[in-house]
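Under my numbering, residues 323 to 367 are what the sequence shown spells out, in order.
Think of the CB as a built atom: it goes at the ideal place given N, C-alpha and C, for glycine as much as any other residue.
All values derive from a computational prediction rather than experimental measurement.
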Amino acid sequence: MIEEALFSGRDADGHWSRDREALLARMASVDTRIVTLTVTEKGYF
Numbered sequence: 323m324i325e326e327a328l329f330s331g332r333d334a335d336g337h338w339s340r341d342r343e344a345l346l347a348r349m350a351s352v353d354t355r356i357v358t359l360t361v362t363e364k365g366y367f
């Protein structure tokens with residue numbers, strides 16, 4: 323079950339998404355049990 327999905331990346335103008343700080347906080351939280359990451363060479367643009 324997905325309870326929360328956050329995205330951190332740059333938009334078309336090169337600005338970081340607004341979820342960046344929230345994502346970093348959730349990844350560092352002691353309550354976070356599983357984190358999966360997908361990294362591609364060119365991203366998904």
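Between D341 and S330 the beta-carbon gap is near 6 Å, inside 8 Å, which marks them as a contact.
Taking L345 as the centre and dropping the five residues before and after it, the same chain places the C-beta of L328, S330 closer than 6 Å to its C-beta, in chain order.
For T362 and D333, the gap between their C-alpha atoms comes out near 16 Å.
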